[in-house]
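Heads up, the thing below is written out as structure tokens.
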Amino acid sequence: MKKNEKTPNDQSSILHSPSSILFPLSVKNDFVFNPSPRDFTVEEIPLYEFSGSGEHLIVQVRKKGLSTWELTDLLSNRFGIPRRQIGYAGLKDKHALTTQYLSLPASVEKELEKFEHEGVKILETTRHENKLRVGHLKGNRFRLRFKKVLGVQKEKIDRVLDWIEAYGMPNYFGEQRFGTEGNNWQEGKAIVEGKLRIRERKMREFLVSAYQSKLFNNWLSRRIGINRLLEEFSESEVEGIEKLPADTLAGTKEQEHFFKILAGDWMMHYPYGRLFVAEDLASEAAKFAAKDRCPTGLLPGKKVKRSLNPARIIEREYDDERIAEQGSRRYAWVFPEDIGRRYVPEKAHYELSFTLPKGSYATVLVAMLKGEFN
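Going by my numbering, the residue at position 364 of the sequence shown is 346; the numbering climbs one at a time, nothing skipped.
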């Protein structure tokens, strides 16, 4: 063996190496980003045009200093209507200037004309036949301002953004999904285990969904770790490191994209489309690299498709079949669009804009730029 040749036992240094060429997660970058309405804006992109008629009032709202749940509580109390009658397509960050759509009963239209709040501005209203439901949006446009970005930091940001433009990014749930302390998923797990009872259905479902999200994130981290090992070692060597059966990773090393597809993965056309099982790995990998489709990960629950072997061998470790709530599959990878960059050297500011599909987190992209992944 040559003096500097790596062995499978060197995986720790590979997983945390700042010199990883294909996946620049560990390149630390110490610019400043403090989410605030001045430096972080989000604009919701509707899934469809509203009809202009119907029994539901669609309200476009710009808010700051309020979460979507706090906003719905505010409107519920102000208009004397149950919170369940207020619809929204997605939850928006409290620490940003956000624009989103809500649906209210049309009966509050006159009262809404008098509505005033320092953190809320009504931009426009229209009518629609249906109440808005979670997920009824196409995506979100983000604008962020980073501070204390000097020449070296700018170059690092540019390099990672170049990589993201070419290859996309992992579709982790962001930290805000797990509450202020980052542990609301533990309450969700306790509910599933029968150790905690929550009477309010919406809160119970929210906590369980945080647990589902945590399992997904853990699965995604495992797959990314395997892919990083594949940058350095053969398929059989990585199977040995990860204690996987022989041929679990067959056909992965030759794939063009960093994120390797396994036989038995459930794929989905991108940015939306039907689910289907990956069989011809070479063909599916080429179409994934072309941003035509993506592999998906499991959000455990009832009535959800589980992957097939060999992909299921890994997925099974991050499943919990005790979960009674609805399960689903989520893109493991997404491709940010319309990335815009502007550097202001005299202020050491870096202004970034981009669009993400629904359910994806801008804070995950920021974490990549800051090299905060392990």
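Even for Gly, the Cβ is constructed at its ideal location relative to N, Cα and C.
Cβ neighbours of residue i in the same chain (closer than 8 Å, five flanking residues each side left out)
i	result
ALA260	ILE243, LEU244, ALA245, GLY246, ASP247, TRP248, MET249, GLU266, PRO277 and ALA293
GLY72	GLU26, THR50, GLN82, VAL116, GLY117, LEU119, ASN122, LYS340 and GLY341
GLU137	none
LEU94	LEU39, VAL41, PHE61, LEU86, ILE104 and THR107
GLU91	LEU39 and THR107
SER195	PHE155, ARG159, PHE160, TRP167 and LEU281
HIS99	LEU56
ARG204	ILE296, GLU299 and TYR300
GLY309	GLN194, LEU280, LEU281, PRO282, GLY283, LYS284, LYS285 and VAL286
LEU48	LEU56, LYS76, GLY101 and VAL102
ALA268	GLU238
Bridge partner(s) assigned by DSSP for residue i
i	result
PHE258	MET249
HIS331	VAL326
VAL102	LYS45 and HIS99
HIS38	PRO87 and HIS110
SER310	LEU281
THR81	GLU25 and ARG44
LEU119	PRO28
TRP51	Paired residue(s): none; TRP51 is not in a bridge.
TRP145	TRP145 pairs with nothing; no bridge assigned.
TRP167	Its beta-bridge partners do not exist; DSSP assigns none.
ARG275	HIS251
Residue i (DSSP reduced to helix, strand or coil)
i	result
TYR343	coil
ALA349	helix
ARG204	helix
LEU29	coil
GLY62	coil
ASN153	coil
ARG125	strand
ASP320	strand
PHE336	strand
VAL14	strand
GLY69	strand
ARG288	coil
ILE3	Confidence in ILE3 is poor, its pLDDT being 39 and thus under 50, which makes the residue's placement unreliable; the coordinate value appears in the next sentence. Coil, per DSSP.
PHE215	coil
GLN304	Note that residue 304 is Arg in the sequence shown, not Gln. Three-state DSSP puts ARG304 in coil, outside helix and strand.
ARG210	helix
ARG183	helix
VAL220	helix
ARG294	helix
ARG159	helix
PHE355	coil
LYS76	coil
7 Å CB neighbourhood of residue i in its chain, flanking five on each side removed
i	result
VAL174	VAL190, TYR193, ASP302, ARG304 and ILE305
LYS45	LEU53, THR80, GLY101 and VAL102
ALA172	LEU178
VAL316	GLY150, MET151, ASN153, LEU338, PRO339 and SER342
Same chain, Cβ closer than 6 Å to residue i, neighbours up to 5 away in sequence not counted
i	result
TRP51	none
ILE3	For ILE3, the predicted structure reports a pLDDT of 39, less than 50, and the residue's modelled location is therefore unreliable. The matter cannot be settled from this model.
LYS352	ASN11
For residue j and residue i, believed in contact at Cβ under 8 Å, the rounded distance
i	j	result
PHE13	TYR332	7 Å
GLU319	PHE336	7 Å
ARG275	HIS251	5 Å
ASN11	ILE139	7 Å
Meets three-Cβ-pair contact criterion under 8 Å: the stretch 342 to 354 and the stretch 322 to 330: no
Given 8 Å, three or more beta-carbon pairs between the stretch 55 to 71 and the stretch 153 to 169: no
Meets three-Cβ-pair contact criterion under 8 Å: the stretch 281 to 288 and the stretch 204 to 220: no
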